[in-house]
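Those protein sequence lines, which keep their order, are chains B and E.
Oh and the first sequence: position 127 is 127 in full-length UniProt numbering, straight run, nothing missing.
Oh and the second sequence: position 366 is 366 in full-length UniProt numbering, straight run, nothing missing.
Written out below as structure tokens is the structure these notes cover.
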Amino acid sequence: MNRPSDHVVQVKKIASFEPREQSMNIQNNHPVTNGSNELDYMSPENMTSKEYYLDSNAHFAVHEESLKDEIRTKTFRNAIINNRHLFKDKVVLDIGCGVGIFSLFAAKAGAKMVIAVEKSNVIEYAKRIIRANRYDKVIHIIKGRIEDIQLPEGIDKVDIIIAEWMGYCLFYDSIIQSVIYARDKFLNLHHHEKLLIEIHVYFVRLQQEHMFKPDGLIFPDRATMYMVGIEDRDYKEDKVEWWSTVYGYNMSCLKNYVMREPLVDNVDKRQICTDHFPLKTFDLKTMTVNDINIVTKFRLRALRNDYIHAFVTYFLVEFTACPQRTVINTAPGAGYTHWKHTVFYFPDYITIQQDEQLEGDFSCKVNLENTKKLDFAIDFQFNGKLSNLQSQNRYFMKG
Amino acid sequence: MSSINKTEHQRNESVSSDDEENFLDDEQDEEQINVLEQVQGLFSSDVFPNVVDMFRAYHSQFDLIDFLKKHQIHSQYDYIRLINYIRSEKPSIETLKQLKSSPSPPWTDEKYFETVIDDDPALQFDIEEDLNQLGDLSITTTNGHDHDELKQANERIRQLEDMVETLKSMTSRFLDDQPSKVTTSVKTKNQDDVQDEGYFATYNHYDIHKEMLQDTVRTESYLECIKSNVDVFRNKVVLDVGCGTGILSMACLKYGQAKMVIAVDMSDMIYDAMAIAKENNMDESKLVFIHGRIEDVTLPVEKVDIIISEWMGYFLLFECMLESIIFARNQYLDKENGLVLPDDFSINMSAFHSDRLYHEHVDYWSNVYGFEMNTITKNILADGHVMIVPAEDIVTSDCCIKNLDVYTCSNDDISFTHPFTLQVLKSGSISGFVCHFDVNFSKNLIEKVHFSTSPRSPSTHWKQTIFFLPRLYSVQEGEDIQGKLICQRHPHEKRGLIIHIHVFDSKFKFYLE
């Protein structure tokens, strides 16, 4: 398994004093992070690590990683630039625009107007970049949270929403809620369809998703989370068992921390020894904020005789608006993306034979107030020819 | 000649918009930082010792606070443009006073983001925090009400904390007579503390400790120093500043046969260190863990024989933990026979060239999927970066730009100026400069230990610290590159640094923050 890139480690130590544990004290002694007057009008160059601590998206290094993720950026580019017929003369909304790259693509694809919204100070860079590339007449920049801003004069609705909303494990630090909010408030919908969506929310969950698709487009609009089992003895030794002997000292008490935290890292395709189980599919066009979670049974079938040391989740997002199939697939083996994969270790391991099956329950709960807090539970039972294991595991990501 | 004795009129002649010239001339002067606070008058050619004095001097003609209120200037953003507007358009005070308040006063133009005077201290004057230095008036912002509430809340917290301390000391009499294993210091919080909390919190997570532990060059050097100098450690009292997982403390006890080890750390990792010590059957009476800043805690002893600490940051001095070591040395070290380990350091500099690194970090932004993002290049160039530079990319000799002896140094050593001469070994280009540091465990040791973070040595988690030049410079083999490096504390960031490199007839400035 590859190690996390040096670059990310560097960013952690120098540029971003972002603590793993959020301390309530800190939030009480400072104005609210988003929308604070201090931060709102501070140019990124004048920010110190104190400000980055509160507004970690301001430092362009965070955006550098996403920009340099070619699969991610080029897929968005292709989805937009190869489909000018969808963008020509349309009004586009870019949520969480960062340095403004997607807005630039949309403008280049012929959009009549692009509204780029970003709450962090990185937007100051976006302003300069857009001006430098002479798109400032087409791209309008609005700083703030999508929930707080107003569209420019004369614009009621937008035709297309672009947002790269996916976080690690799909939901970590994701802005999916903002996309749903913007969809309901700003995306071009016929009135009766909007009403139907509201009924959908408050009453019965109707099966026919296709009845309520709005006119407007969302890029990307469909996401599926998958799960596989992997053989991972060497790296697990390195990550977990390593703490058993450190220069002769026993530091085993730290092993618990290691296993309880899902590990975001690159998994080699060859480690996968089961089939891929789709845990849940999300349709951005029709889902609600309450749908942002996963509670499901899962079943994995072994593809060969092997061992299972951990489960891995990854996601696939689709731009269904494009006539040609356009996807970002973050599966192991599909190419490096900065999302990598999410690894869930459990104590002990399973010896499995080809075609044997493992069943269990998987849940992922996202704290809607703070999307950096995710709680996972993976409980499973396995009775095979060569091994038996019943295991209940709790994991958390907490920012 | 000490510039402090110069009058303001004399200063007018010698001061240029280039504050750094004066900074260099004041090398011997203890008040180096004051020179950087000197500010050009907004409405006259006078130079004032600092921004507060300047506004006070103008107060009778130009009331800043009233002006800000009248024109609804609440944010630092607006204030910055106002200052740049005044600097570039040079309006008279009369003109400004006559301006009617409007939704788009002349300084709203975005061009007034450009700084007119380099390092203009007036821009760094914070209109939310520093205004009360002008007098008793405080600015009302939309958060004004919240500010009062916060102040009250903080005051209440302080009172409660004091009450807790009193209760603790009252009830300790009724508890068993055992020294507490964990002492947490209670201190009122100020702005610096909050920034520092973020700093300490980065050490709460096991990942960074694993990175440091797995750095065998680093960890094994410390362990070797202990194991090879048992006679030095035996029966001594040792203080481990910033103990992390406690590995050095345990080694001092187990291999060094120390009489007692006091391990201090501000991050939460200390609780894991306690658990680890237990798991390894460390004698609890000999190994004491204290949670808190070394500057705040109370030690169970008055003096210690040995201070051991791994405090070094990127560029040696980043994070400025050296200050804590100096504090511990002054406060706790036995003056006659005390040892500090490691004790002797040097920071070294050379020049490098790498097309790959230069393209990846600097050139990349000129074409990003067909768009120009050169505005970001400026920021890359303004920062020091941490990365590995392959030894074959070094194109000059090394030059030492700082020696540090922890026995004799002071906090002032974190700011320094040093000339350098680098001899070019290979004709070609230069992408930038690379700095590394060397560490020695030497004084009063039987077996001395040494390690280096140079590109030519096995790599460590410190890698190297590099500074890119805005463009490639051509050099010839045998040529000498001469210049000066100035290391300065960051005026706003407690643990940050600003590095100036004067070379090739230019002045370059880099932030390590």
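Note that CB positions come from ideal geometry on N, CA and C, so glycine has one too.
Here the structure is a predicted model, which is why all the values come from computation and not from measurement.
What residue does the alpha helix (DSSP H) around residue 515(E) start on, and which one ends it? The requested residue 515(E) is not part of the displayed model; chain E covers only 1 to 513.
Considering only DSSP beta bridges, list what Met227(B) is partnered with. Locating residue 227(B) in the first sequence gives position 227, where the first residue counts as 1. Note: Met227(B) sits in a beta bridge opposite Phe277(B), Thr313(B).
As a quick exercise: from Ser103(B), Phe186(B), Ile130(B), Met113(B), pick the residue whose alpha carbon is nearest that of Glu147(B). As a first step, residue 147(B) is located in the first sequence; it is residue number 147 there, counting from the start. If we check each option's Cα against that of Glu147(B), Phe186(B) comes out closest.
Answer with buried or exposed for Ser178(B), where buried requires no fewer than 16 other C-beta atoms within 10 angstroms of its C-beta. Within the first sequence, the letter at position 178 stands for residue 178(B). Its Cβ being crowded by 16 or more others within 10 Å, Ser178(B) is buried.
In chain E, what lies closer than 9 Å to Ala132(B) by C-beta? By one-based count along the first sequence, residue 132(B) stands at place 132. Here the neighbours are Phe371, Glu372, Met373, Asn374, Thr375.
Could you check whether the Cβ of Leu64(E) sits closer than 7 Å to any Cβ belonging to chain B? Along the second sequence, one-based indexing puts residue 64(E) at 64. No, Leu64(E) does not count as interfacial toward chain B.
Nearest neighbour of Thr453(E), chosen from Glu197(E), Phe420(E), Asp215(E) [CA to CA]: Here the question's residue 453(E) lines up with position 453 in the second sequence. Residue Asp215(E) is the option with its Cα nearest to Thr453(E).
Completely contained beta strand (DSSP E) runs for the segment 113-195 of chain B, where each covers 3 or more residues: 113-118, 139-143, 160-163
Measuring alpha carbon to alpha carbon, tell me which of Ile176(B), Phe298(B), Met113(B) ends up nearest Gly154(B). Start at 1 with the first residue of the first sequence, and residue 154(B) comes out as number 154. Per the Cα distances, Met113(B).
Using a Cβ-Cβ distance under 7 Å, would Met54(E) count as near chain B? Your numbering for residue 54(E) matches position 54 in the second sequence. Chain B contact via Cβ: absent.
Let me check one thing: in DSSP terms, what residues is Leu389(B) bridge-paired to? Walking along the first sequence from the start, residue 389(B) turns up at place 389. Per DSSP, Phe382(B).
Using three-state DSSP, classify Leu206(B) as helix, strand or coil. The sequence position of residue 206(B) within the first sequence is 206, counting from 1. Any reading at Leu206(B) must be qualified, since the residue scores a pLDDT of 43, below 50, and its modelled position is unreliable; the value itself is stated next. If DSSP states are grouped into helix, strand and coil, Leu206(B) belongs with coil.
Tell me, please, which residues DSSP counts as bridged to Gly483(E). Residue numbering aside, residue 483(E) sits at position 483 when the second sequence is read from its first letter. BP columns for Gly483(E) point to Phe420(E), Val503(E).
In chain E, what lies closer than 9 Å to Cys322(B) by C-beta? In the first sequence, counting from the first residue as 1, residue 322(B) sits at position 322. Simply none; closest approach about 18 Å.
Any C-beta of chain E sitting closer than 7 Å to the C-beta of Phe60(B)? The count along the first sequence starts at 1 and reaches residue 60(B) at position 60. It does; some Cβ of chain E falls within 7 Å.
Between which residues of its own chain and Phe382(B) is the CB-CB distance below 6 Å, once the five residues before and five after are set aside? Position 382 of the first sequence, counted from the start, is the residue given in the question as residue 382(B). Here the set comprises Ile350, Leu358, Leu389.
Any beta strand (DSSP E) of 3 or more consecutive residues that is wholly inside the segment 337-365 of chain B: 341-352
Rank Lys119(B), Val91(B), Tyr125(B) by C-alpha distance to the C-alpha of Leu152(B) and give the top, closest one. By 1-based counting over the first sequence, the position of residue 152(B) is 152. Checking the sequence shown, residue 152(B) turns out to be Pro, not Leu. The residue with the shortest Cα to Cα distance from Pro152(B) is Val91(B).
Range of the contiguous beta strand (DSSP E) that encloses Phe437(E): Here residue 437(E) refers to the residue found at position 437 of the second sequence. Residues 428-441.
Please check if any C-beta of chain E sits within less than 7 Å of the C-beta of residue 417(B). Chain B is shown only over 1 to 399; residue 417(B) falls outside these bounds and no answer can be derived.
Separation of Gly246(E) from Asp412(E), as counted between CA atoms: Taking the first residue of the second sequence as 1, we reach residue 412(E) at position 412. Taking the first residue of the second sequence as 1, we reach residue 246(E) at position 246. Distance between the alpha carbons of Asp412(E) and Gly246(E): 30 Å.
Within 7 Å of any Cβ in chain B, is that where the Cβ of Met250(E) sits? As a working note, residue 250(E) is residue 250 in the second sequence. At least one chain B Cβ lies under 7 Å of Met250(E).
Test: Ala72(B) CB closer than 7 Å to a CB of chain E: As a first step, residue 72(B) is located in the first sequence; it is residue number 72 there, counting from the start. The sequence shown places Arg at residue 72(B), rather than the Ala named in the question. It does not: the Cβ of Arg72(B) has no partner Cβ on chain E nearer than 7 Å.
So, at 8 Å on beta carbons, what are the nonlocal neighbours of Lys280(B) in its own chain, with the 5 sequence-adjacent residues on each side left out? Indexing the first sequence from 1 puts residue 280(B) at position 280. Excluding residues within five positions, the ones whose Cβ falls inside 8 Å are Thr224, Met225, Ile294, Thr296.
Would Leu86(B) pass as a contact of Val158(B) if the rule is Cβ separation under 7 Å? What you label residue 86(B) is simply residue 86 of the first sequence in a count that begins at 1. What you label residue 158(B) is simply residue 158 of the first sequence in a count that begins at 1. Result no, Cβ atoms of Leu86(B) and Val158(B) do not sit closer than 7 Å.
Are three or more beta carbon pairs between the segment 250-261 of chain E and the segment 318-327 of chain E nearer than 8 Å? no
Cα-Cα separation between Pro121(E) and Arg156(E), rounded to whole angstroms: Mapped onto the second sequence, residue 121(E) falls at position 121. Mapped onto the second sequence, residue 156(E) falls at position 156. Approximately 35 Å between the Cα atoms of the pair.
By a C-beta neighbour count over all protein chains shown, 10 Å radius and 16 as the cutoff for buried, is Gln76(E) buried or exposed? The sequence position of residue 76(E) within the second sequence is 76, counting from 1. Buried: at least 16 other Cβ atoms inside 10 Å.
CB of residue 470(B) within 7 Å of CB of Met397(B), strictly: Residue 470(B) cannot be examined here, being either before or after the span of chain B that is shown, 1 to 399.
Per-residue DSSP class, three states only, for residue 520(E): Residue 520(E) lies beyond the range of chain E shown here (1 to 513); nothing can be said about it.
Exposed unless 16 or more other CB atoms sit within 10 angstroms - verdict on Ser506(E): Within the second sequence, numbered from 1, the residue matching residue 506(E) stands at position 506. By the neighbour-count rule (16 or more Cβ atoms within 10 Å), Ser506(E) is not buried but exposed.
Assign Leu368(B) to one of two classes, buried (16 or more other C-beta atoms within 10 Å of its C-beta) or exposed (fewer than that). As a position in the first sequence, residue 368(B) is number 368, starting the count at 1. Exposed is the call here.
Taking only beta carbons into account, state which residues of the segment 432-464 of chain E come closer than 9 Å to chain B, listed in chain order. His461, Lys463
Rank Leu422(E), Ala273(E), Ile501(E) by C-alpha distance to the C-alpha of Leu254(B) and give the top, closest one. For the purposes of this step, residue 254(B) is taken as residue 254 along the first sequence, with counting starting at 1. Among Leu422(E), Ala273(E), Ile501(E), the Cα nearest to that of Leu254(B) belongs to Ala273(E).
Residue range of the unbroken beta strand (DSSP E) whose run includes Thr465(E): Residue mapping note: residue 465(E) aligns to position 465 of the second sequence, counting from 1. Looking at the DSSP string, the run of the beta strand (DSSP E) that includes Thr465(E) is 464-475.
Partner residues on chain E for Tyr125(B), Cβ-Cβ distance less than 9 Å: Residue 125(B) sits at position 125 when you count from the first residue of the first sequence. Simply Met373, Thr375, Ile376, Asn379.
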